[in-house]
């Protein structure tokens, strides 16, 4: 049995109240999460996630909203309408399609447990279901402070969340560098992109989209680490073999935060005047990948992760497909600056203070209430100037196909364009960035300016 | 025997004089090229290309400079020093290495033919050689006008040059669009990127680099053609299959040269206000590929060709490796504008007036007097802001490797950097462009700003 | 903190004795695994795994063998020699290199806990360590029967093992098909390659190699499922788009186990006589991927998994790099037959009885006591005729490079060949198989016949 | 203007008569080809190729068959029916579709020239045409002997054919090795796959398929050359860089033609007993690529060329798409043996005697009278056991897609299968070979056994 099911019941239904600006450690979180969620069971009203069980395993899910008035239950299951009657410790009712036609019947047992078991009955057969109460009610946005004491090196739904937050909330926290060193250059974790989080977002469920807006990203120390060589994936075999590499050249950088520049910390004579402008970014923004999978934090995928795209900086909003209850958001791997492709394997790796706001958008990125189509979709990013889509794949050719299709689908949906119209727009106005070729999957970004899109008639 | 050898002798040694601004057609050119080149044979002084013959076929070449004073001959063969004595219709002499050590002996027969046959004698055996007189002397730069009457659809050394020009000369000419239509929308050629040229550049020989600077590029009509669909290579198979394409949407564009914009010629309601800024470029700049090969003008390779990179516009200099005597330069395929990747298969295809200057740089792009290393090198481009290198390959992964290595080698040579130093510079400051994924080979461009490079100490 | 550390202490030191042929369910296993491992703590003799801790997290490991005689401790740590003295609840001692030079000192606390904490002291600094007792003693091989009651859909170290076995043991068990259906066509799990296992192999530790020999693989029902279409990765976009697919054609197959053939279950007129020879194979043989990662059972990687190679049948031995204590072996996804590439997405998916023997080979696949080099190495397979290596990658080009290098390194090590000699052998005698292009990573197999290798002089 | 048009008129209409077994050199051929083709102009009956001219350039072609009785002309143009009247030095007539509807009118001028000019008149406009008389009549097959005196290093339509042969004829000739050395190890050409040919096949025209059956392929010397290293494309960058290569190891091989084996000519101690079985094959079988293009003989493409597939041996038939009049067939680059992938860059390169038969199959490989679809199609090969298709591309991923689609289209056409039925057959029974990764394009071969196909009902 998978680890996910063990902690789920304990954590998700609790109501957490934080001061607008407060401090929580994961130890405090753990204590709070044991609060008894069944206290409210005298009424079924609220938001639920419905899981379809197959041989006891959760294989599909849907969003359920219930309203109980006395023994009368009404509600929705995705686009279906529910009506039922509460009697003798269970609810029995019917599901109707949007057009009013019958979809099937259901029964839910109301026990003393946090989660409710039941059955959906259709002409094609019965399905076992399980309902789990989730948050997601409209509450006033808060700003929360999280000071991490531990960092995680997998993107995974198996890690207990360090904090529960609501859609609309803002989190102020910090990240260590890719090697696990903090703002004081003290080792806080083994290396490999240790992450801050995960943050459980109330009301987020599989099939939704999580929007993460980076309100501020501020470097908090004066050094960064990188390498002074090019990765083999970026150069020809002949170049890779023929060039003698001199490991005595340091890949360390000095950050001048006041003037916004970085210079080699121990420069060779040739590079003593070389400097680059700081352009802080987060290498990693990711949610739990779902399906009980856990990826090392060097990885990236449809769920985001180590995207290593220099467009993920202050002011950017990252859209990620939620695959687990609560989304379980991770952030980390700040870069003071990164050239295209992340050709040194590392960018200018450093620590940072970060402030981000989350928002749950019901329904997938391909359209309302639809699951992302596997392979076509990847994370999306938006800033004041651009819509940007990731294409993450095993080769640049695959990555480009995904990035282009992802962007085409985005503007077709949002601007009501036909594929031909989208082709006219993209063919003249698309721009690609090669975000990175250094990670287990490569990442190409397709982008289009909002100025170009503003010319499209409504 | 290959066609190339037949015309070579007739054309290359003639001395052409043009008015600073004149008009030549290829018919006039052909007449002039029959001028008897042997008239000057009483003295061997001058520039020659030396071919090594194997079974009568030219398999290698070198640059020879000779100075004859009476019966005393001195000169160079690449880096070797030559001394010889003219007697009885032949020259016999010795070749010395730069360090003064003996390399071998040589004999050259001085007949009445334009080309001279001879032998190089070394301890490892003899080699048959052939010397062919070439131009390349310092002459005052001229501006020449060429009005094409015929266009070519292969990059090939088998086409008789339409004009002989000198290093330093400027050519004013015109190009038709990719479909063969001229400034009056009159068909002048079958389609597929018909080219203007080829131009024979005096003194250019295999192993040299030809620099082509686009002095001006001016659109000369008010329409462009493109397509209203995305090519399969740019999108996922699922996107490609699932989207219904509507061929009734026109891919034609209207060009407003006064205001510098393009708009769909027959827009749908959605696109009635859509416009893009004109950014004229040449899709094709190429030299003869060498080795008796001929590629369709959709092709691109180390020799340039259909590079379809929007950076090849006014003010840009394109560096191409010369593979045949005279380089044989072709230009064509103007685009009014092109998005990254050339995703519609066509960009905004139109006709143009173009003015370019050529310069022969002895020696290959990897260093003086060395042949380009196959696979590592591709065309290079430079403008006021950037050094840019092409990576042309069968996949984007291969293209990126070539582009990066090409740029690393360029800055290592010109700025005397070690690979580690180059890695520090590129890792922070490289930028990629995906020029096109629409042609038989894809093209990724790696670039670095001259502002960044200016920080490198001499 | 990761789930793995919670169960580790409870399970690994217990001594399990099974009858030569017995039956264990995972429920029985769980009960036994709580046996108190500390009962033997009066003597440190035995096999241990040493973990290096960084910020409390295990980041490296080594094999330790200890022998305690009274208060005198001797032993090895990989290739280092240990000597120490037990006193006052701790051991203090020295480590010597094979050449007799000092490596550093160590202290181990002997508490009442199952695991022992300690410190390694070197001139470069101290490192926290943790020692965990493991099995791996020579015991008589046994045959064990395992009847699964639950199947798992991730390759993960987070799943409690269903059985502990020793190196040399044979396991008889069964697998369900890729959709979760058993020998009676009863659904036993959700689909997606549900696995039997994981099996904990005593004494296997990170850096070792696990050899899994398939002693028998017997189909146990008369049906298989597949699809009647080609996956997009296997065909051109134009083919994929242009061909009208008819979903009414069934992809079901009937298996004639007596005659060893499969035929379409509901054939079209054209295919009514079409049959293929059965060639049973296991699509999945994998170990836990390590580093707290969990991959869906469609995935494959250096740790094996869904390799979908038709060479993994009866008589084959699969070599996998151990990444977690006990290796945690999974098997599943039997195919009655599979064409190259697994072009229908599914092969002929069915259930099977399988009998396999495991053997722990200390040290990695690149050589004794060395960790596999990332990227160069992948699973290896051997049968009576061939040595075979997997190349698993994001593109076929990457996969081929890995497969070739993997095979070159194998024969260089085992036959003491130089790379040049290996090149002479492989250049004439290598053969490739394209195992699959249907999974999240593609798999190319490089193979060479043992008959060819037998000609190499010792 | 292109070279091709100059020689065309002189060569193609001549009637050549050879003894059944005779000897022709290219010198003799040249003399014969000047025979006056216009002598027969008193009657238009015969086979013609019709070219559509656009701005004087041939841009399309069709097969025309004419029958003249007095002043009445009848015939066909592809599937159209022609009727016309001869009067006053021209023919005027009509073209009807197969359904009897009018297609348009035509006029042909009958001058004294070999080729005839004319016009097609349709409602959509007029098109200039040119008719060129070709052979292709049924004649008794002959066996011809060709002893080459010169070899060519481009696949090109610009080379004058060395011999004209008829469909059905057999040619006995010889090939030199890839370095230009003949059966006596005498250099006959510079290296790089010098080819024997080209052979002009009467009646072959663009859009047709040329079938080349290798009747016998016999090695004619006792040595072969190869390399003792692996090419970078076949191994990981890390393997390529880390392994020290020892150039003192010889890549030469000794051939024992009596016993059918090859052994290293100067073996290391380890390889003193290493041998491989001879399996002679032709690395190159190709036709002129068309469109005035010329590719170096290392290249391969839809037109065949340097396919380097070990299945192209005695008994194999290679199907190539004709792109130029007469097809212009080249053969060369014999290998005594080749491992998959041609990993040493060279296989066991040697010279050979070859005997092949040609057959012109009207219409393209996708179906009768249709041009091959670009990108989907490549050369096909057939032997007693297998149908085999080439997938030639810039990456292995692209090559596999082309090979699979090519095979699917072949069996769909020949066995009247739907794509679903083809998927059932290929999914279980396809086998891939990785022919080579050493050339400018890689080559994957998809194959299926005739035994499997024989089970498909008619």
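Chains as they are written, first to last, in this note's numbering: chain D, 2 to 459; chain G, 2 to 459; chain W, 2 to 459; chain E, 2 to 459.
C-beta atoms are modelled at their ideal positions from N, C-alpha and C, and glycine is treated no differently.
Residue 170 of chain G sits away from residue 363 of chain G, with the two beta carbons spaced by 8 Å or more.
Interface residue (Cβ-Cβ distance to chain D less than 8 Å): residue 281 of chain E is not classified as such.
The DSSP-derived three-state label of residue 448 of chain W is strand. Scanning E:284, E:450, E:225 for the CA closest to the CA of residue 262 of chain E turns up E:225. DSSP, read as helix, strand or coil, puts residue 241 of chain D in helix. Between residue 86 of chain W and residue 72 of chain W the beta-carbon gap is near 6 Å, inside 8 Å, which marks them as a contact. Against chain G, a Cβ distance below 9 Å from residue 275 of chain W picks out nothing, because the smallest value is about 27 Å.
Per the C-alpha coordinates, the member of E:231, E:98, E:93 positioned closest to residue 106 of chain E is E:93.
Shortest Cα-Cα distance from residue 135 of chain E to any of E:52, E:126, E:152, E:193 involves E:52.
Taking C-alpha positions only, residue 184 of chain E is separated from residue 286 of chain E by approximately 19 Å. If you ignore the 5 residues before and after residue 405 of chain W, its C-beta comes within less than 6 Å of the C-beta of 447, all in its own chain and listed in chain order. In this structure, the CA atom of residue 83 of chain G is about 17 Å from the CA atom of residue 129 of chain G. The C-beta of residue 239 of chain G comes closer than 8 Å to at least one C-beta of chain W.
By the neighbour-count definition (other C-beta atoms within 10 Å, threshold 16), residue 442 of chain D is a buried residue. Nearest in C-alpha terms to residue 122 of chain D, of all of D:115, D:95, D:403, D:102, is D:95. The DSSP-derived three-state label of residue 96 of chain E is strand. Just measuring C-alpha positions, the residue of E:305, E:397, E:58 sitting nearest residue 131 of chain E is E:58. In this structure, the CA atom of residue 279 of chain G is about 6 Å from the CA atom of residue 337 of chain G. In the DSSP assignment, the residues bridged to residue 387 of chain D are D:450.
Collapsing the DSSP output to three states places residue 253 of chain G in a strand. With a threshold of 8 Å between beta carbons, residue 325 of chain E makes no contact with chain G. Below the 8 Å Cβ cutoff, chain W contributes 405, 424, 427, 428, 431 as neighbours of residue 344 of chain E, in chain order. The beta carbons of residue 342 of chain E and residue 430 of chain W sit no closer together than 8 Å. With a cutoff of 8 Å on beta-carbon distance, residue 393 of chain W and residue 301 of chain W are scored as near each other.
Cα atoms of residue 218 of chain D and residue 329 of chain D: separation of roughly 20 Å, rounded to the nearest angstrom. When the beta-carbon positions are compared, residue 203 of chain W and residue 165 of chain W come within less than 8 Å of each other. Shown here, residue 416 of chain G sits in a helix according to DSSP, grouped into three states. Taking the Cα positions, residue 182 of chain D is about 9 Å away from residue 195 of chain D. The three-state secondary structure of residue 307 of chain W, taken from DSSP, is strand. Annotation: residue 228 of chain E to residue 390 of chain W spans about 23 Å, alpha carbon to alpha carbon. Residue contact with chain E for residue 55 of chain W: absent (no Cβ-Cβ distance below 8 Å to any residue of chain E).
Residues of chain D with a Cβ closer than 8 Å to the Cβ of residue 58 of chain W are, in chain order, 154, 190, 191. Here DSSP, grouped into helix, strand and coil, assigns residue 123 of chain D to strand. Legend: CB atoms of the segment 133-163 of chain W lying less than 9 Å from CB atoms of chain D belong to residues 151, 152, 153, 154, 155, 157, 159, 160, 161.
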